[in-house]
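Chemist: This is the structure, below, for whatever I ask next.
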Amino acid sequence: MKTIKNLLLLYAILVAQMPVVAVADNVSEYTIKAGFIYNFAKFTQWPDKSDELKICIFGKDPFGKNIDKIDGKISNGRTIRVIRTQKIDEVRSCHIAFLNIIPPERYLFERALKKIDGTHVLTVSDARNVTEFGVMIGLSINDDKIAFDVNHTMALASDLEISAKLLRLAREVN
Amino acid sequence: MPVVAIRKFLSNLSIQNKFLVINLAVTTTALSFAVIMAVFGEYLTKRDFIMESLNVQAKMVASNTTAALVFKDEKGAEDILQAFISSPQVHIAAIYDAQGGVLASYIRQGIKNNISDLHMSENDHDDIETEIHQHKDDSLLSNKIHINQEISFEGDIIGNLFIEADISGMYSNIINYLIYTTIVALIGLSLASLLLLKLRKSITAPLQNLSGLMDTVIQKNDYSVRVEHTTDDEIGILSRGFNEMLSHIQVNDEKLAHELSERYRAEEHLDKLAYYDVITDLPNRHFFHEHLERTVEHAITTKQVMALLFLDLDNFKIVNDTLGHKTGDMLLKQASSRLSNVLRKNDYICRIGGDEFAIIVENINHVDDISIVSEKCIDALSNPFVFEGNNFFIGVSIGISICPEDATVSNDLLVNADMAMYEAKLRGKNNYQYFNKKMNDEHSRKFQLESDLRHAIDKGQLELYYQPQVDSHDETLCGIEALMRWHHPEKGMISPGEFIPIAEETGLIPSLGQWLINTACEDCNRLVKAGITDVSIAINISGIQIRDNAFIDTVRNALDTFKTQAGLLEFELTESILMDDSSLVIDKVNKLRAMGILVAIDDFGTGFSSMSYLKSFPINKLKIDRSFISGLPQSSEDTSITRAIIAMAHGMNIGVVAEGVEHADQIDFLCEHDCDVFQGYYYAKPMPLAELLKLYEQRRRADGHFHLARVNI
């Protein structure tokens, strides 16, 4: 019961009380982005059967408490764990990795991605054109709305199955 | 009332057409029903199919929209809804989130719907909610189908997909289907009609055969024909029934024909009975009247002379009474055959009743012809008829009436002939008389008197007059003779000589006699009351009266009723009465005498018979007929007869009365020869009782004598 209540609460926070996916003044951008990450988890299939679903924040944490709210929630039968890390090696065992690389240079992303190559990590970033760098999902803001691009090639290479439903919503898929 | 109209319409059709109409109606109804049901079924199937495919589509779209819903991605959701472009029947689609807010909507190009307006005011959640709920139930025949598909994700309901589809597009399909099925039905109907036309013959042909036969039966009255029945159905039964009926009718018809011929024979027989007399085989009265009428008419139109002979057998009654009716009938038979034998071929004889016959003689050239016929008839019956070894003589009285001389109407002719026949009877029977006008006058006076006489007693028109009888020794009143007077209101005083025979003929004598006796008794009492106790009243009794069975009782009743002394009554009988049926009359006279009534013989000396009968009767008086008195004293014949009568009477101890005394020398002669009583105008004429009493009183006061010379009346 508690989980349902919490879920509803989350839903209220993420959707209902922010009915428009606009980045309103009173709602932090990263609250919405945290919600996106949570929902990405729902539309993605990982090859492993682990009970946990690790969401790792690599680099400086831009979410703060906003993302802690999804820690412990259940998605597709897995318990979400929010992990903050500065070591790229630790990212290898994550299911979703939010890569906050500063400065958002291409080579930096390519180096980090190389480190986690061969793993099954759904990489997400909100740096500009990151999908071109090899990041799987790139968040961006368009007309006060958050949109996302998907590098489906990369996801497939990492044995990740992103739901077509999600793909349909992507601004750009390559 | 359509049903009535239809029934009327049907009843006017031949069975063949009725059959056709009913079958077509039934087939059409059934096919129409089948078409409607098929089309409706097709409609439902199509609708279900559309529903099903829409549901599948909705499920697919709903599942595809989960991500868009989750991410609140309107654009993405709208993109998904664009998938409905390929489903032309989907007009409107919308995705609602869990709160009922519209995330995305799809409206087919060219379709305007208020959902777009709703979409515009997307904040108004309640309206949209209502919209959804309103469309939850779609009627079966609605053009619009609404589908509300829940969108769930991870076990949670995260929104709704609402679809409104218009299925009117399928109507063209349905109409095509309808046209198709209708054409099929019409083909089926045509085939059925063709089949019906072929098959109905099997039903109507036997019926037509039956009705055709019926026509034959009716037109030709031939009940011997029969229907050939080959089928075992109702028509077969009908045919058999019809044949049986015909058999019955045939049998009955034959019976009826037989009966009719029997009846015809019976009627012929009755006809003969009605027109012919059974005994004589002659035409009867009925026939006679008709024939007479025709003959009279024919005679008048052809200006020919015809005669009617009315025959009445004389003495037939005696034969009938003494030998019985059977012999009477034989006599009639023989008489009629004798008469028939003497008649000419064209003469017509009928028996018109009892012993009466009528002969119609046509085409007369001379009156002598009729006389010849009449004489032949009299001759024919003049020979005796022999029955049981005895000879019977009967004669015939014939009355003849001639047309147009005597009458021009059949009934008048008959009446005239009857009168003439009566005249013949009066003239001694066994002769013939021609009718003459005088007979008619006499007859009509007689007829008038006859009818008046019947009422004379009741109307008090009858009165008794009394003529005094005077004792020859002292000329005092010793008796009075009662004489009937009829005061006819129109014809004045009518004498007994005229009306008594009429009364005799018409059977009025008994009642007239009763009145006479009663009145005499009454008057007798008045005399006694007036002190006249020794004067007898003489009453004339007719032969018919004394023969009447009730006569003695009538006399006895009168005596009892008026308490009259019988010795004061004297009944006067004529000689002829005493000579007929003497034993009967002797008996009656003895009875009268036994009662104390005196009996006198009236008109003595006029009869033919011997005096011997006088001994048989207990007579008190003889009245010498006035014809002898009138000749006194000059006629030697009359004086000798008168003397003889007086002597004989005195010899038998019987008193003698002289009637019609009118002169003194008559009195002198009678006194000289000891006549006992005088009666006549010399003393007094007949007078009413009151007058008599008055006269008596006068004379008594004078000297008691009744002599005219001495008393001036």
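So the sequence lines, in the order shown, correspond to chains A and B. Its first residue numbered 6, the first sequence is counted upward by one per residue in the numbering used here. Its first residue numbered -17, the second sequence is counted upward by one per residue in the numbering used here. Glycine is no exception: its CB is placed at the ideal position from the N, C-alpha and C atoms.
Does B:F(-9) pass the burial test, meaning 16 or more other C-beta atoms within 10 Å, or should it be called exposed?
Modeler: exposed
Chemist: Buried or exposed, going by whether 16 or more other CB atoms sit within 10 Å of the CB of B:T27?
Modeler: exposed
Chemist: Helix or strand or just coil, what does DSSP make of B:W497?
Modeler: helix
Chemist: Quick one: what does DSSP say A:F138 is sitting in, helix, strand or coil?
Modeler: helix
Chemist: For B:S134, count the other beta carbons within 10 Å of its own beta carbon; 16 or more makes it buried, fewer makes it exposed. Which is it?
Modeler: Flag for B:S134 reads exposed.
Chemist: Going by other Cβ atoms of all chains shown within 10 Å of its Cβ, with 16 needed for buried, is B:G310 buried or exposed?
Modeler: buried
Chemist: Which partner residues does B:L295 have in the DSSP bridge list?
Modeler: Its beta-bridge partners are B:V378.
Chemist: At what residues does the beta strand (DSSP E) containing B:M475 begin and finish?
Modeler: Segment 474 to 476, the beta strand (DSSP E) holding B:M475.
Chemist: Among A:H157, A:K170, A:D56, which has the Cα closest to the Cα of A:T84?
Modeler: A:D56
Chemist: Throw me the rounded Cβ distance for the B:G461 and B:V517 pair, which I believe falls under 8 Å.
Modeler: 6 Å
Chemist: Which residue marks the beginning of the alpha helix (DSSP H) containing B:T621, and which one marks its end?
Modeler: Where B:T621 is concerned, the enclosing alpha helix (DSSP H) stretches over 618 to 633.
Chemist: Determine the chain B residues that contact A:L171 at a beta-carbon separation under 7 Å, and present them in chain order.
Modeler: A49
Chemist: So, for B:H73: in the same chain, excluding its five sequence neighbours on each side, which residues have a beta-carbon less than 6 Å away from its beta-carbon?
Modeler: R90, I93, E146, D148
Chemist: Out of B:S493, B:A438, B:H268, B:R538, point me to the one whose CA is closest to B:K473's CA.
Modeler: B:A438
Chemist: Strictly by DSSP, which residues pair up with A:F63?
Modeler: DSSP, once it has assigned bridges, lists A:T90, A:L104 as partnering A:F63.
Chemist: With a threshold of 9 Å between beta-carbons, can B:S68 be considered close to chain A, or not?
Modeler: no
Chemist: How about B:S558 and B:G525: are their beta carbons less than 9 Å apart?
Modeler: yes
Chemist: Given 8 Å as the limit, is there contact between the region 309 to 327 of chain B and the region 422 to 430 of chain B, that is, 3 or more CB pairs closer than that?
Modeler: no
Chemist: Thinking just about the alpha-carbon of each residue, which of A:A132, A:V155, A:K47 is nearest to the one in A:P108?
Modeler: Per the Cα distances, A:A132.
Chemist: Give the DSSP bridge partners of A:F153, in chain order.
Modeler: Paired residue(s): A:L144.
Chemist: Please list, in chain order, the chain E residues whose beta carbon lies closer than 8 Å to that of B:I62.
Modeler: Among the protein chains in the structure shown, which are A and B, there is no chain E.
Chemist: For B:P668 and B:Y448, what's the separation of their Cα atoms in angstroms?
Modeler: C-alpha separation (whole angstroms): 5 Å.
Chemist: Chain A partners of B:N46, CB-CB under 9 Å?
Modeler: A169, K170, R173
Chemist: Quick check on B:F53: does DSSP put it in helix, strand or coil?
Modeler: coil
Chemist: Rounded to whole angstroms, what is the Cα-Cα separation between B:K441 and B:I352?
Modeler: Each residue's Cα considered, the two are about 46 Å apart.
Chemist: Can you check which of these residues, B:K597, B:A582, B:P600, B:Q616, is closest to B:D607 by C-alpha distance?
Modeler: B:A582
Chemist: So, is the C-beta of B:E730 closer than 9 Å to a C-beta in chain A?
Modeler: In this structure chain B extends from -17 to 695, so residue 730 of chain B is not present and cannot be described.
Chemist: Less than 9 Å between CB atoms is the rule here; does B:V38 satisfy it with respect to chain A?
Modeler: no
Chemist: Going by DSSP in three states, B:C460 sits in which element: helix, strand or coil?
Modeler: Strand.
Chemist: Mapping the DSSP letters down to three states, classify B:D585 as helix, strand or coil.
Modeler: In this structure, B:D585 counts as strand in the three-state DSSP scheme.
Chemist: Starting from the Cα of B:E457, find the closest Cα among B:L465, B:L498, B:M227, B:A666 and give me that residue.
Modeler: B:A666
Chemist: Check whether the Cβ atoms of B:L555 and B:I519 sit closer than 9 Å, and answer yes or no.
Modeler: no
Chemist: By how many angstroms is the C-alpha of B:I77 removed from the C-alpha of B:A86?
Modeler: 5 Å
Chemist: By the three-class DSSP mapping on this structure, what secondary structure does A:Q50 have?
Modeler: In the structure shown, A:Q50 sits in a strand (DSSP, three-state: E or B).
Chemist: For B:Y25, count neighbouring C-beta atoms within 10 Å of its own C-beta (all shown protein chains included) and say buried if the count is 16 or more, exposed if not.
Modeler: buried
Chemist: If you measure from the beta carbon of A:F68 to each beta carbon in chain B, is any gap under 9 Å?
Modeler: It does not; no Cβ of chain B falls within 9 Å.
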